[in-house]
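Peer 1: This is the structure, below, for whatever I ask next.
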Amino acid sequence: MGQEQATPMDRQGHGWSRALRVLLQAVHSPEYLDAKARDFGAFTLWALLITAVFVLGMIPWDYAIDATRAWHVVWLRVMQCGALLFWAIASVRYVHGRAARIAALAAPLFIEATFMVVLDRLDGGTSYGMGGFLYFFIFAPFLLLAQPLGLAALVLTAITVFPPLAAWFGLQTGLDWWIYAAYMGTGFVPVLAIRLLLEVMYWHVFRYRREVEHQALTDGLTRLPNRRQFLAAGMRSLDSHGESGQPASLLFIDIDRFKGINDTHGHRTGDAAICHVAHALRALCREEDLMARYGGEEFLVLLPRTGPAAAAEIAERLRSAVVAAPFPMPDARASPLGLTVSIGIASYDPHDLGDLTDIDRLIHAADRAVYVAKRGGRNRVVSVGDGPAPDDVSAQGRS
0 MGQEQATPMD
10 RQGHGWSRAL
20 RVLLQAVHSP
30 EYLDAKARDF
40 GAFTLWALLI
50 TAVFVLGMIP
60 WDYAIDATRA
70 WHVVWLRVMQ
80 CGALLFWAIA
90 SVRYVHGRAA
100 RIAALAAPLF
110 IEATFMVVLD
120 RLDGGTSYGM
130 GGFLYFFIFA
140 PFLLLAQPLG
150 LAALVLTAIT
160 VFPPLAAWFG
170 LQTGLDWWIY
180 AAYMGTGFVP
190 VLAIRLLLEV
200 MYWHVFRYRR
210 EVEHQALTDG
220 LTRLPNRRQF
230 LAAGMRSLDS
240 HGESGQPASL
250 LFIDIDRFKG
260 INDTHGHRTG
270 DAAICHVAHA
280 LRALCREEDL
290 MARYGGEEFL
300 VLLPRTGPAA
310 AAEIAERLRS
320 AVVAAPFPMP
330 DARASPLGLT
340 VSIGIASYDP
350 HDLGDLTDID
360 RLIHAADRAV
370 YVAKRGGRNR
380 VVSVGDGPAP
390 DDVSAQGRS
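Read in order, the letters of the sequence shown are residues 0 to 398 in numbering that gives the first Met the number 0.
Structure follows, in structure tokens:
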């Protein structure tokens, strides 16, 4: 018999299953959880404090049920409040830390166990307090908003099944478990579904924000990091090199006679030429190198753990790669256009206190070295100190 073909309904089911697996994997990634910690960390602390105040506010409720015995269970309410404060303290440093996650599971179960004791000790507590279990479903989803979806689902499941299990072990026997099942059983699935919906909504916000941040830090033409991202990452890299005592070098790369390309062939061709050079340069950069489009026809490459001699060798390879890859014109009838680049090199030596110590000064020095390369005939590599320094004039209009 031939293999049965999947129906549209089957394919749709597999699609939903696949989408759910992707979502569950994504919402437990470190990057996503760190974002939740930043966004919901303070909210979690305030929600725990508010819930602690609410628990203390249940003392008058106990008094309304049984004025005689209510004062004998005040200490249990205080312990419940303490459990919430412990959870808050455990979450202060990092809401996804081990202590915070243990508290997120242990505190609700402790409060639930002591709540059962309160109901058992109050005259009529088991009759009037059955609905109090619903408070766990009201507060828990908010208190667990910063936690991973899997842990939230575990806690919601635990607070649902814990009271019958505790009663089975003899903690409390006065509750009607059929009524409990009606209360909690009908609420569990909707609350879990709402928690999942909140996770999906935040996942969409997270993806949108990540895309916006990526666009803000990426050059729209070449898809390389832009100046803003390069400056921030470059500063962090130099700080790291200073601490480790390792050198670093920066390449300032400028396409030669680019203004003539725009004037002769148009800006569309000029943009294509920039992309072509970016591709040629990126193909030879190492994985740890930080490459960016600095502006116009200019590129920057930060070479970690690279001294002046090694940087000069890398720059020469980049220059030769551009020469060896003629630019195919957008108009197929036109002959490929030979492009060249001039490269200036500036290096950072952490052992030289008088050396360049920040990314802006390093860029400025490499930019001045490009001037020397331009004045020397273009299509060449020049390191800081290889030639006479140019006059301190603007780079605008150079070709």
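Every residue gets a Cβ at the ideal spot worked out from N, C-alpha and C, and that includes glycine.
Between the stretch 255-269 and the stretch 312-320, can you find at least three pairs of beta-carbon atoms closer than 8 Å?
Peer 2: In short, these stretches do not touch, since the Cβ pair count stays below three.
Peer 1: Under 7 Å, do residue 65 and residue 122 count as touching if we go by C-beta distance?
Peer 2: In this structure, residue 122 lies closer than 7 Å to residue 65 by Cβ.
Peer 1: Tell me which same chain residues have a C-beta within less than 7 Å of the C-beta of residue 271, skipping the five on either side of it?
Peer 2: Taken in chain order, the residues that qualify are 329.
Peer 1: CB-CB under 7 Å to residue 193, same chain, minus the five flanking residues each way: which ones, in chain order?
Peer 2: Correct list, in chain order: 140.
Peer 1: At 4 residues or longer, and completely inside the stretch 85-130: list those alpha helix (DSSP H) runs for me, N to C.
Peer 2: 97-120, 124-127, all fully within the stretch 85-130.
Peer 1: Can the beta-carbon of residue 75 be found less than 7 Å from the beta-carbon of residue 50?
Peer 2: In this structure, residue 50 does not lie closer than 7 Å to residue 75 by Cβ.
Peer 1: Taking 7 Å as the threshold (beta carbon to beta carbon), is residue 215 in contact with chain B?
Peer 2: Absent from the structure: chain B. Only one protein chain is present.
Peer 1: Express the C-alpha separation of residue 195 and residue 47 in angstroms, rounding to a whole number.
Peer 2: Cα to Cα, the separation comes out at about 21 Å.
Peer 1: Just to confirm, are residue 224 and residue 348 a CB contact at a threshold of 7 Å?
Peer 2: Their beta carbons are not under 7 Å apart, which means residue 224 does not touch residue 348 by this criterion.
Peer 1: Just checking residue 133 against the ligand PLP - is the residue's beta carbon closer than 6 Å to any of the ligand's heavy atoms?
Peer 2: Absent from the structure shown: the ligand PLP. Ligands present: none.
Peer 1: Once you ignore the five residues that flank residue 337 on each side, which residues in its own chain have a CB closer than 8 Å to its CB?
Peer 2: If we look at residue 337 and ignore the five residues flanking it on each side, its Cβ neighbours are 322, 325, 326.
Peer 1: Please classify residue 99: is it buried, with 16 or more other beta-carbons within 10 angstroms of its beta-carbon, or exposed?
Peer 2: Label assigned to residue 99: buried.
Peer 1: Look at the alpha carbon of residue 105 and the alpha carbon of residue 364, and state the distance between them as a whole number of angstroms.
Peer 2: The straight-line gap from Cα to Cα measures roughly 59 Å.
Peer 1: Which of the three DSSP states, helix, strand or coil, is assigned to residue 247?
Peer 2: If DSSP states are grouped into helix, strand and coil, residue 247 belongs with the strands.
Peer 1: How many angstroms separate the CA atom of residue 288 from the CA atom of residue 239?
Peer 2: Spanning the two alpha carbons is a distance of roughly 14 Å.
Peer 1: Assign residue 291 to one of three DSSP states: helix, strand, or coil.
Peer 2: Strand, per DSSP.
Peer 1: Count the other CB atoms, across all protein chains shown, that sit within 10 Å of the CB of residue 342; report buried if there are 16 or more and exposed otherwise.
Peer 2: Counting Cβ neighbours within 10 Å, residue 342 comes out buried, since at least 16 surround it.
Peer 1: Would you list, in sequence order, the uninterrupted beta strand (DSSP E) runs of no fewer than 3 residues that lie entirely inside the stretch 25-92?
Peer 2: Whole beta strand (DSSP E) segments, 3+ residues: zero.
Peer 1: DSSP three-state call for residue 351: helix, strand or coil?
Peer 2: The answer is coil: DSSP assigns residue 351 none of H, G, I, E or B.
Peer 1: Is it buried or exposed for residue 351, if we count other Cβ within 10 angstroms and need 16 for buried?
Peer 2: That one is exposed.
Peer 1: Identify, in the order they occur along the chain, each residue of the same chain with its Cβ nearer than 8 Å to the Cβ of residue 293, setting aside the five sequence neighbours on each side.
Peer 2: Cβ neighbours of residue 293 beyond the five flanking positions: 226, 229, 251, 299, 362.
Peer 1: Please give me, in chain order, every unbroken run of the alpha helix (DSSP H) with length at least 4 that falls completely inside the stretch 219-265.
Peer 2: As far as the stretch 219-265 is concerned, its whole alpha helix (DSSP H) runs of at least 4 residues are 226-243, 257-264.
Peer 1: Kindly indicate which three-state DSSP category residue 383 falls into: helix, strand or coil?
Peer 2: Residue 383 falls in the coil class under three-state DSSP.
Peer 1: Given this structure, state the Cα-to-Cα distance separating residue 304 from residue 248, to the nearest angstrom.
Peer 2: If I take the Cα positions, the gap works out to 8 Å.
Peer 1: Can you list, in chain order, the residues of its chain whose CB lies under 8 Å from that of residue 409, leaving out five sequence neighbours each side?
Peer 2: With the chain covering 0 to 398 only, the question about residue 409 has no answer from this structure.
Peer 1: Return the CA-CA distance between residue 339 and residue 320, expressed in angstroms with no decimal places.
Peer 2: Roughly 9 Å between the two C-alpha positions.
Peer 1: Counting along the chain, where does the beta strand (DSSP E) carrying residue 301 start and finish?
Peer 2: Run containing residue 301: 297-303, per the beta strand (DSSP E) assignment.
Peer 1: Using only alpha-carbon positions, find the residue among 346, 155, 371, 30 that is nearest to residue 137.
Peer 2: Of the listed residues, the one whose Cα sits closest to residue 137 is 155.
Peer 1: Of the choices 97, 266, 189, 202, whose alpha-carbon is the least far from that of residue 220?
Peer 2: Cα-wise, what sits closest to residue 220 is 266.
Peer 1: Using a Cβ-Cβ cut-off of 6 Å (strictly less than) and excluding sequence neighbours within five positions of residue 232, which residues of its own chain qualify?
Peer 2: Excluding positions up to five away in sequence, the list reads 289.
Peer 1: Taking residue 157 and residue 108 to be in contact with their CB atoms under 8 Å, please state how far apart those CB atoms are, rounded to whole angstroms.
Peer 2: That pair is a contact at about 6 Å.
Peer 1: State the start and end residues of the unbroken alpha helix (DSSP H) segment that holds residue 401.
Peer 2: Only positions 0 to 398 of the chain appear in this structure, which leaves residue 401 out of reach.
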